[in-house]
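Numbering (the working numbering), first residue to last: 28 to 474.
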């Protein structure tokens, strides 16, 4: 390793994953925390921990000066950004580089390219990878309707620099366009500090498929199969599984090829994900590439036997991948359900309170990634993710049954969660028959 101490610029479940990965790689870790997170149990597992500010993320986990000061104070030589917060901020990468810190992720140039979804679309389209019709929202309001007509209805108003479903609005008719643009612009500005938007053609109930890749600094690249991520709420994933069903082998290989072509041409290094939309005819279209570890990386880990967080760190240190494509063996089927502190009956309103754990699932084929503990306060300041429950089986039905049982054993009081909802989803006939798309959750909630 070219470094021996890693600062973790994040919190919660992913911070714990990075701490564990550092331990397994015999690296020291530094956990940072806000005043609201001072009592988090995972802090005791890190080699060191340091408060970086108040609960407000802008003054703690999003504060680049606070994070750099923490790295300098503790002698950290590398920074792992996790997901969310500053994970895809090219300015953060630049500042890390200026201070001699290794950023565990792609370089600034690639981050800038992929962070701008319009330039990313243009880059992959130039390689012959299909993209949906789309254009930037013009500054001249009078040209907005003409732009939308060229893109075609229904369409999505999307943030150029945002992610996680923020700054996104569906528009079915011209009458709703202006209001959607105003709302998306304000949300995008609040979420990522930039109000730039673009319009993209929307498909009816498409499937959301993504390809997991790893690339070392020498350019060796492997993919770890695809994930089905179609079950979403507010454009944010709720259930993921791998492999995707009802993909013929020809289509699957074309998806892999498109992902690898894009990654090579862009010059991406480290662990990343290429996302596609699949329409009813079986045609796929590039959406974006995520220049970070994904929340749902765990579901890929259980079928390929690799630790993607450790691979991130090893690649950033300059180590070559020790697997080739022919070495990758994807075994069985895995499903992941996110348990969020949200109330589905109230529009997924965040739920706050003190956690009381009666039982957490375990058993054959079950994995749970979580940072929660008895007495933990769920605050309104951060993402609502409490846990990821992952079930592996020799086939999808075995994984599904194991997941159902695991969710029955996820018994937590003090906050309202999505546990019952995801249990209902995996029992739904359409899910069992793999008749799902990104509109699936809205349709069953409407029923």
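Heads up, the beta-carbon is just placed ideally off N, CA and C, and yes, glycines get one too.
Straight across, the Cα-Cα distance linking residue 438 with residue 430 is about 14 Å. Taking the C-beta atoms as reference points, residue 384 is found nearer than 9 Å to residue 400.
Boundaries of the beta strand (DSSP E) around residue 225: 224-228. For residue 263, the enclosing beta strand (DSSP E) has its first and last residue at 263-269. Contact between residue 40 and residue 397 holds: their C-beta atoms lie close to 6 Å from each other, under 8 Å. Ranking 89, 473 and 165 by CA distance to the CA of residue 110 puts 89 first. In this structure the stretch 28-43 touches the stretch 110-127; the number of beta carbon pairs closer than 8 Å is three or more. DSSP places residue 33 in the strand class (E or B) of the three-state scheme.
For the pair residue 287 and residue 240, the CB atoms are nearer than the 9 Å cut-off. Using a Cβ distance threshold of 9 Å, residue 249 and residue 357 do not count as a contacting pair.
The Cβ-Cβ distance between residue 178 and residue 211 does not fall below 9 Å.
The three-state secondary structure of residue 412, taken from DSSP, is strand. The three-state reading of DSSP puts residue 154 in coil, since its state is none of H, G, I, E or B. In the three-state reduction of the DSSP assignment, residue 176 falls in the helix class. The residues 254, 256, 264, 267 and 363, in chain order, have a CB closer than 7 Å to that of residue 323 in the same chain once the five nearest residues on each side in sequence are set aside. Distance from the Cα of residue 73 is smallest, within the candidate group 87, 58 and 81, for 58.
The three-state reading of DSSP puts residue 255 in strand, counting E and B together. Between residue 93 and residue 131, the C-beta spacing is not below 9 Å.
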